[in-house]
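One structure is given here, and the rest of the page talks about it.
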Amino acid sequence: RLYWMKQLMEEVRGFIQQVYLPDVIAIGALYKNWLAYGAGVTNYLAVPDMVLNTAGTEFDLPGGTIMNGDFSTVKPITSFHDKYFRDNVKESIAHAWYDGDWSRHPYEEDTVPRYTDFQDDGKYSWIKAPRFQNQPMQVGPLAQVLIGYASGHALTKKYVDDVLARISTVAGAEVGAAALQSTIGRHAARAIRAAMLADLGLKHWQLLVDNIGRGDLEIFNPPTFPKGEQRGFGFHEAPRGVLSHWIVINDGRIKNYQCVVPSTWNAGPRDKKGRPGPYEASLVDNPIADAQRPLEILRTIHSFDPCIACAVHMLDPEGREMIKVKAV
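Position 212, counted from 1, in the sequence shown is what the numbering used here calls 211; the numbers after and before it change by one each time, with no gaps.
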């Protein structure tokens, strides 16, 4: 079964190298004007991924933050217990349909729905507004790739430099890493990340086989729950970005539990200071060819690969059709 899995991984890797990357490069070159649009929030957050030891201190992919699109500001997140990450995450509900208007750390949150009608200057979303060091952050493949690139991560630099060189050749103009901060750039970053994970997937397959060969068949570490109140968090780079779970346990029972998920970071509404999240910010100043059919809005939002099923609450007591959208 393991070798069947390896065969599937090799097939996927071949598709990425022979189809996905070339298609994205061609589209990026042909629509190079769109490299100037859709950047939105240029603060980026990623956590380390592809763990190499049980302690959660060694990884194949780096994490960290970049602020204001300045690669020189990159600051690492280095372990599963990283205090920089743990201490700087908050969520705001100033414009979300929950009771209150607070901004709190996940350990201190509650989730009490309070629906109102759509209020442009009030509450208008079921999604909370996550913030890191009180700043909106973009998560996802673009954040992962830019943080790896700014950190000097060899595999990231290899693929980024190769993709940018090929786009530049086809476009007939030099395209630098800063241009990835765009609608087209998010697609390019997703293809780059896919190529990297395909390479690393085969490496980690071999690590698994080697472990089994040495007789290491453990699949989890049994937990212990000390008495009193305990707090803990875990994170992972899901396909759409940083996923973190936060829990408070008291005498072995769950007291509070919160998830801060990737599309919440990107799709969240304005915070109490009126600052928009990445989706909203990415739409500012985008050209629209036909105001009656603003497909550019869809194309920009689609570049984030949105997944907000947990935020969809369609409420109509009369059972009427509320809206019909056709995306071509």
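Just so it is clear, CB atoms sit at the ideal spot from N, CA and C, and this is done for glycine as well.
Between residue 274 and residue 137, what straight-line distance do the alpha-carbon atoms span, to the nearest angstrom?
Each residue's CA atom was taken as its position, placing residue 274 and residue 137 some 13 Å apart.
Which residues bound the alpha helix (DSSP H) around residue 277?
Its alpha helix (DSSP H) spans residues 277-281.
Less than 7 Å between C-beta atoms, sequence neighbours within five positions excluded: which residues of the same chain meet that for residue 106?
Cβ neighbours of residue 106 beyond the five flanking positions: 230, 245, 247, 255.
Around the Cβ of residue 2, are there at least 16 other Cβ atoms within 10 angstroms (buried) or fewer (exposed)?
Exposed.
Would residue 188 pass as a contact of residue 143 if the rule is Cβ separation under 9 Å?
Taking 9 Å as the Cβ cut-off, residue 188 and residue 143 qualify as a contacting pair.
Nearest to residue 259 by alpha carbon, out of 41, 110, 94, 58?
The residue with the shortest Cα to Cα distance from residue 259 is 110.
Reducing DSSP to helix, strand and coil, say where residue 105 ends up.
Of the three classes helix, strand and coil, the one that applies to residue 105 here is helix, per DSSP.
Beta-carbon separation (whole angstroms), residue 166 vs residue 28, contact threshold 8 Å
About 5 Å separates the two Cβ atoms, so the contact holds.
With burial defined as no fewer than 16 other Cβ atoms inside 10 Å of the residue's Cβ, what is the status of residue 294: buried or exposed?
Label assigned to residue 294: exposed.
Residue 250 burial status per 10 Å Cβ neighbour count (16 or more: buried):
By the neighbour-count criterion, in which a residue is buried when 16 or more other Cβ atoms sit within 10 angstroms of its Cβ, residue 250 is exposed.
Complete beta strand (DSSP E) runs within the region 74-140 (minimum length 3 residues, chain order)
Here the runs fully enclosed are 88-91, 128-131.
Answer yes or no: do residue 68 and residue 42 have a C-beta to C-beta separation smaller than 9 Å?
A contact, by the Cβ cut-off of 9 Å.
Starting from residue 33, trace the alpha helix (DSSP H) in both directions and tell me its first and last residue.
Run containing residue 33: none; DSSP gives neither H nor E here.
Three-way DSSP call (helix, strand, coil) for residue 260 in this model
In the structure shown, residue 260 sits in coil (DSSP, three-state: anything other than H, G, I, E or B).
Under the criterion of a Cβ to heavy atom distance below 8 Å, does residue 89 qualify as lining the ligand NAP?
For the structure depicted, the ligand NAP is absent and the ligand set is empty, with no information on it obtainable.
DSSP beta-bridge partners for residue 252?
In the DSSP assignment, the residues bridged to residue 252 are 249.
Here's the rule I'm using: 16 or more other beta-carbon atoms within 10 Å means buried, otherwise exposed. How should residue 80 be labelled?
The residue in question, residue 80, is exposed, as its Cβ has fewer than 16 Cβ neighbours within 10 Å.
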